[in-house]
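The block underneath contains the structure these notes are about, expressed in structure tokens.
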């Protein structure tokens, strides 16, 4: 019997659909799951395809594979990945490839890549986005790790990936944990996008009084313009769905958002490397605040809070909210690419930002029309330091700015929180401001801690100290960033 092209461990939703996708493209796949009954159920439910082989042990899985063996893990991130890798090493041989396709932290992928290199096992950390539908019919795939291993899996991954303009949404990202890093940033932008859409929904519903039918109409219209994206599309569909009582299903969903941690990882990494990822961080905190449902209900009673309807022309308000959503969405992607640029410098990863934008144009959750514009921006100027400095995005922000500012004002007056929209605006104003009040902060730091400061009339990198309290102190704590 011919041996399989690849093995896959983990038959949850993503794993099963990736296997079926591979099978559709003529790839012979061996599958294994720790609960072997799930293997049997999957094989039976998949129509007993000839190019899918069920295995009941790791040894059987490895033995069924063509050399060099390619084994893909679609299991829970963390200790389970390390345990499975350790178990696989008993059966693998030098030159074989382990592929982690789960949502692992990039630092774990860095570590695994180095540790397995010493054993002559090649490791790939591969980000996969698109959910169940994407996995089944074409996800966005972000591969990183050992460069020598990429050509040995490229054909499989590019065959199953989504395609835009004939190009696969799957390109080599870089060494070590680069693939999982890009996937982490993708998920952070996803958090930002979802929060922005939720804020627009809240303004339209509570601020303007739109019902589910109105909302479905508005979001459907928005999806035909510059906001054209997967998340806007499915949001329109959510408003349209009714339950058995003909009530919108959305109305019966508790307003307490969950999260699995990838957005938090993005915010933490931004804090650690000093990137002002304000919008995405606020999106993470907004979910955390929403989860405190009982506290929020009690606080509303204590303060007797209520939402005030926005007293402006409805159509002009809808237009302003549209512009605010669009402008803030640009900031979300801008901050995400800023974070990747910083990581590229910190880890010496040769990230191709235009290629990343291409990978995100199809198959993934944050796919949207203007990713094509992001790709064009970086193809025009590979050294572009910030998307806001690109001509296209400058024009888009300038066009949407009035509506963006008006929307934040309306939200404040109505008592409706818009942490992502407003933090995005604050970031934009700060980024474009030649002067910020940080000189006072530096004076305060030097006053109480002798942390020193730079002067406007001296070269950058030259530091000074003032004896603010008249203590005749000349010792400083040094100039450093914390």
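In this note's numbering, the protein residues as written are 733 to 1214. From the three backbone atoms N, C-alpha and C, an ideal C-beta is built for every residue, glycine too.
Practice prompt. Out of 1046, 821 and 945, state which residue places its alpha-carbon closest to the alpha-carbon of residue 978.
Written response: One-based indexing of the chain shown puts residue 978 at position 246. Nearest C-alpha to residue 978: 945.
Worksheet entry | Cβ neighbours of residue 924 in the same chain (closer than 7 Å, five flanking residues each side left out) | Here the question's residue 924 lines up with position 192 in the chain shown. Only 1011, 1012, 1015, 1064 and 1152 meet the Cβ criterion.
Item to complete: Pull up the distance between the alpha-carbon of residue 841 and that of residue 847, whole angstroms please.
Response: Position 109 of the chain shown, counted from the start, is the residue given in the question as residue 841. Position 115 of the chain shown, counted from the start, is the residue given in the question as residue 847. Computed Cα separation, rounded: 10 Å.
Fill in: Opening and closing residue of the alpha helix (DSSP H) in which residue 908 lies
Reading the chain shown from its first residue, position 176 is the one you call residue 908. Element bounds for residue 908: n/a, residue is neither H nor E.
Worksheet item: Are the beta-carbon atoms belonging to residue 1134 and residue 1053 less than 8 Å from one another?
Response: As a working note, residue 1134 is residue 402 in the chain shown. As a working note, residue 1053 is residue 321 in the chain shown. No, Cβ-Cβ distance for residue 1134 and residue 1053 is not below 8 Å.
Item to complete: To the nearest angstrom, report how far apart residue 922 and residue 1074 are at their CA atoms.
Response: Reading the chain shown from its first residue, position 190 is the one you call residue 922. Reading the chain shown from its first residue, position 342 is the one you call residue 1074. When rounded, the distance between both Cα atoms is 19 Å.
Worksheet item: Can the beta-carbon of residue 743 be found less than 8 Å from the beta-carbon of residue 765?
Response: Translated into the one-based positions of the chain shown, residue 743 becomes position 11. Translated into the one-based positions of the chain shown, residue 765 becomes position 33. Cβ atoms of residue 743 and residue 765: closer than 8 Å.
Practice prompt. Could you tell me if residue 969 is buried or exposed, where buried requires 16 or more neighbouring beta carbons within 10 angstroms of its beta carbon?
Written response: Translated into the one-based positions of the chain shown, residue 969 becomes position 237. It is exposed - the Cβ of residue 969 has fewer than 16 other Cβ atoms within 10 Å.
Fill in: residue 961 versus residue 928: straight-line alpha-carbon distance, rounded
What you label residue 961 is simply residue 229 of the chain shown in a count that begins at 1. What you label residue 928 is simply residue 196 of the chain shown in a count that begins at 1. Spanning the two alpha carbons is a distance of roughly 13 Å.
Item to complete: Measure the alpha-carbon distance for residue 758 versus residue 920 and round it to whole angstroms.
Response: As a working mapping, residue 758 is identified with position 26 in the chain shown. As a working mapping, residue 920 is identified with position 188 in the chain shown. In a straight line, the C-alpha of residue 758 is about 34 Å away from that of residue 920.
Fill in: DSSP state of residue 1174 mapped onto helix, strand, coil
If you number the chain shown from 1, residue 1174 lands on position 442. Of the three classes helix, strand and coil, the one that applies to residue 1174 here is helix, per DSSP.
Fill in: Neighbour-count burial assignment, residue 868, 16 or more Cβ in a 10 Å radius
Indexing the chain shown from 1 puts residue 868 at position 136. Counting Cβ neighbours within 10 Å, residue 868 comes out buried, since at least 16 surround it.
Fill in: C-beta contact flag for residue 1094 and residue 861 at 8 Å
Within the chain shown, numbered from 1, the residue matching residue 1094 stands at position 362. Within the chain shown, numbered from 1, the residue matching residue 861 stands at position 129. Their beta carbons are not under 8 Å apart, which means residue 1094 does not touch residue 861 by this criterion.
Worksheet entry | Between the CA atoms of residue 916 and residue 741 - distance to the nearest angstrom | Within the chain shown, residue 741 is the residue found at index 9, counting from 1. Within the chain shown, residue 916 is the residue found at index 184, counting from 1. Computed Cα separation, rounded: 22 Å.
Discussion item. On the DSSP bridge list, what partners appear for residue 900?
Written reply: Here residue 900 is taken as the residue at index 168 of the chain shown, counted from 1. 895.
Item to complete: Alpha carbon to alpha carbon, how far is residue 956 from residue 874? Give it in angstroms, no decimals.
Response: Residue numbering aside, residue 874 sits at position 142 when the chain shown is read from its first letter. Residue numbering aside, residue 956 sits at position 224 when the chain shown is read from its first letter. Spanning the two alpha carbons is a distance of roughly 28 Å.
Discussion item. Taking 8 Å as the threshold (C-beta atoms), are residue 845 and residue 1215 in contact?
Written reply: Beyond the ends of the chain as shown, which are 733 and 1214, falls residue 1215; an answer cannot be given.
Worksheet item: Less than 8 Å separating the beta-carbons of residue 1120 and residue 1163?
Response: Counted from its first residue, the chain shown places residue 1120 at position 388. Counted from its first residue, the chain shown places residue 1163 at position 431. Yes, they are a contact pair.
Discussion item. Can you give me the C-alpha to C-alpha distance between residue 981 and residue 1188, rounded to a whole angstrom?
Written reply: Here residue 981 is taken as the residue at index 249 of the chain shown, counted from 1. Here residue 1188 is taken as the residue at index 456 of the chain shown, counted from 1. C-alpha separation (whole angstroms): 59 Å.
Fill in: Reduced DSSP secondary structure (H/G/I, E/B, other) of residue 860
On the chain shown, position 128 is the one that residue 860 refers to. If DSSP states are grouped into helix, strand and coil, residue 860 belongs with the strands.
Discussion item. Suppose contacts are defined by Cβ-Cβ distances below 8 Å. Is residue 858 in contact with residue 818 by that definition?
Written reply: Position 126 of the chain shown, counted from the start, is the residue given in the question as residue 858. Position 86 of the chain shown, counted from the start, is the residue given in the question as residue 818. No, the Cβ-Cβ distance between residue 858 and residue 818 is not below 8 Å.
Worksheet item: Based on Cα-Cα distance, which residue from 866, 865, 835 and 825 lies nearest to residue 851?
Response: Locating residue 851 in the chain shown gives position 119, counting from the first residue. Considering only alpha carbons, the answer is 825.
Item to complete: Determine the DSSP secondary structure at residue 1098, reduced to helix, strand or coil.
Response: The residue given as residue 1098 occupies position 366 in the chain shown. In this structure, residue 1098 counts as coil in the three-state DSSP scheme.
Discussion item. When you compare the region 1095 to 1109 with the region 1043 to 1050, are there three or more beta-carbon pairs, one atom per stretch, that lie closer than 8 Å?
Written reply: no
Worksheet item: From the DSSP output, which residues share a beta bridge with residue 793?
Response: On the chain shown, position 61 is the one that residue 793 refers to. Answer by DSSP bridge pairing: none, since residue 793 is not bridged.
Discussion item. For residue 1214 and residue 974, what's the separation of their Cα atoms in angstroms?
Written reply: Locating residue 1214 in the chain shown gives position 482, counting from the first residue. Locating residue 974 in the chain shown gives position 242, counting from the first residue. Summary for residue 1214: the model assigns pLDDT 46, below 50, so the residue's position carries little reliability, and this model does not support an answer.
Worksheet entry | Reduced DSSP category for residue 1214 - H, G, I as helix; E, B as strand; rest coil | Locating residue 1214 in the chain shown gives position 482, where the first residue counts as 1. Summary for residue 1214: the model assigns pLDDT 46, below 50, so the residue's position carries little reliability; its value from the coordinates is reported in the next sentence. Residue 1214 falls in the coil class under three-state DSSP.
Worksheet item: Where residue 775 and residue 829 are concerned, what is the direct C-alpha to C-alpha distance, given to the nearest angstrom?
Response: Counting from one through the chain shown, the residue named residue 775 turns up at place 43. Counting from one through the chain shown, the residue named residue 829 turns up at place 97. Those two C-alpha atoms are separated by around 24 Å.
Practice prompt. Starting from residue 874, follow its DSSP beta bridges and name the residues at the other end.
Written response: Residue mapping note: residue 874 aligns to position 142 of the chain shown, counting from 1. DSSP lists 859 as partners of residue 874.
Practice prompt. Measure the Cβ-Cβ separation of residue 901 and residue 894 and say whether it is below 8 Å.
Written response: Position 169 of the chain shown holds residue 901. Position 162 of the chain shown holds residue 894. Their beta carbons are under 8 Å apart, which means residue 901 touches residue 894 by this criterion.
Discussion item. Assuming contact is defined by CB atoms lying nearer than 8 Å, are residue 1071 and residue 1018 in contact in what I supplied?
Written reply: Numbered from its first residue, the chain shown carries residue 1071 at position 339. Numbered from its first residue, the chain shown carries residue 1018 at position 286. No, these two residues do not count as a Cβ contact at 8 Å.
Worksheet entry | Bridge partners - residue 807, DSSP secondary structure assignment | Your numbering for residue 807 matches position 75 in the chain shown. The partner list for residue 807 (beta bridge, DSSP) is empty, contrary to what the question assumes.
Discussion item. According to DSSP, is residue 1126 part of a helix, a strand, or is it coil?
Written reply: If you number the chain shown from 1, residue 1126 lands on position 394. Note: residue 1126 maps to helix in three-state DSSP.
Item to complete: Report the residue from 1076, 997 and 1112 whose alpha carbon sits nearest the alpha carbon of residue 908.
Response: Taking the chain shown and counting its residues from 1, the one referred to as residue 908 is at position 176. Residue 908 has its Cα closest to that of 1076, out of 1076, 997 and 1112.
Worksheet item: Across which residues does DSSP place residue 764 in a beta bridge pair?
Response: Taking the first residue of the chain shown as position 1, residue 764 is located at position 32. 741, per the DSSP bridge assignment.
Discussion item. Does residue 835 pass the burial test, meaning 16 or more other C-beta atoms within 10 Å, or should it be called exposed?
Written reply: Translated into positions along the chain shown, residue 835 becomes position 103. Its Cβ being crowded by 16 or more others within 10 Å, residue 835 is buried.
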